[in-house]
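Below is one structure; the comments refer to it alone.
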Amino acid sequence: MAAFDVAIDWLQGQPLVVLNDTVRGRRVRIARHAACLLNLEATVGAQRIELADGHRDAAELEARPGSRFALLAPFANRVADARYRFDGVDHDLAPGAAGAARASRHGFVRDAQFALAALSADTQAAQALFATTIGAQPGYPFTLDLAVRYTLAADGLAVETTLRNVGATAAPAFVGWHPYFRVGDAPLASWELTVPAERVIRTDADFIPLPGEAAYVPLEQSPELDFRRPRALGTLALNHSYTALRPDADGRARTRLRDPATGVGIAVWQERGVLLAYTGDTLERGARRSLALEPMESLPDAFNRPDCAESIRLEPGAARAFRCGVEIDLP
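In this note's numbering, the protein residues as written are -16 to 314.
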């Protein structure tokens, strides 16, 4: 029997892809709707444990409360006042809206039905490739192809997202991932977090980063947010982006979450960008029952930041990939 296999499953009428690691007892379930991960299961002894706090059923998958495990494209997190300027042209992502309705966040693909472009398994990994097109829409007159490849291998799950500009003009574009993780049934306050960052992003009351260099705060100046050494989350409410991530020798910067009572943990890795940590205090379901660890290519409101302009610019015909993932640490 091969170490890895793939299968098609269903969730109340929603088609799913299942990636299996039969040797280590791990399973990943991904919906074609939004190419959204629903489950990340591991085996400890004879017990199957769930590490993902994903959508529970088809109704949640379509309503997407909390944007659990959403792919974020062509921007991640927030755009201030749903407005931005690109190449001298002003754009409004929420035309006609006013007040609180002028909120734009997490991109446009949380409701997209992705095509299943490829499915494979061998002795090394199980893979699923999903694809969709982000078409021109109000405030975003650009066209991009989006592909996401999920790979379950011996070292865990990798997520590779590729944006390709198929339009005639340059476009602002970057991606992120919005997973929520659980490492056990103990209270979140007891879990230990480690974030290998040198700086945290200071924001206003709407979680928009402050302009320019004022946004970048050395962690020595914010010790309450400093997780460079593992420590318990306690009662701290997190909705913060960390930057200047320090990579390990293999080029991956790893943010770690662990239950010290059981030794069960995960490491969310990325090759560049920022990491947003959110304790879920405002979730309608499961507040402070899981921790969002969100790898993103760039800062929230990057469309409005001159210091991000070059890194998020995608020329016609060009493509850019962002790789991240999660490793599983078991006792």
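Just so you know, even glycine gets a beta-carbon here, dropped at the ideal spot from N, CA and C.
Counting along the chain, Ala95 sits inside no alpha helix (DSSP H), nor does DSSP assign it H or E at all. Looking at the DSSP output, Asp4 bridges to Phe(-13) and Arg9. Take the alpha-carbon of Ala42 and the one of Phe125: they are about 30 Å apart. Distance between Asp75 and Tyr67, taken at the CA atoms: about 7 Å. Annotation for Ile295: no beta strand (DSSP E) segment contains it, though the alpha helix (DSSP H) segment containing it runs Ala292 to Ile295. The bridge partners DSSP lists for Asp(-8) are Leu(-1). Across the structure, Val11 and Arg132 are spaced so that their CA atoms are roughly 13 Å apart.
In the pairwise beta carbon analysis, the region 254 to 266 is classified as touching the region 220 to 235: at least three pairs are separated by under 8 Å. By the neighbour-count criterion, in which 16 or more other beta carbons inside 10 Å mark a residue as buried, Ala220 falls on the exposed side. DSSP, reduced to helix, strand and coil, places Asn222 within a strand of the structure shown.
For Glu310, there is no enclosing alpha helix (DSSP H); the residue is found in the beta strand (DSSP E) stretching over Ala302 to Asp312.
The alpha-carbon of Gln107 is positioned some 46 Å away from that of Ala197.
Counted as a single uninterrupted DSSP element, the stretch harbouring Leu34 is not any alpha helix (DSSP H), since DSSP gives it neither H nor E.
Under the three-state reduction of DSSP, Ser173 is assigned to helix. Distances from the CA of Ala215 to each of Trp160, Val166, Ile13 and Ala153 were compared; the closest alpha carbon is that of Val166.
Per the DSSP secondary-structure output, Gln204 pairs with nothing in a beta bridge. Taking C-alpha positions only, Pro278 is separated from Leu34 by approximately 17 Å. Within the DSSP secondary-structure output, Gln120 pairs in a beta bridge with Tyr123.
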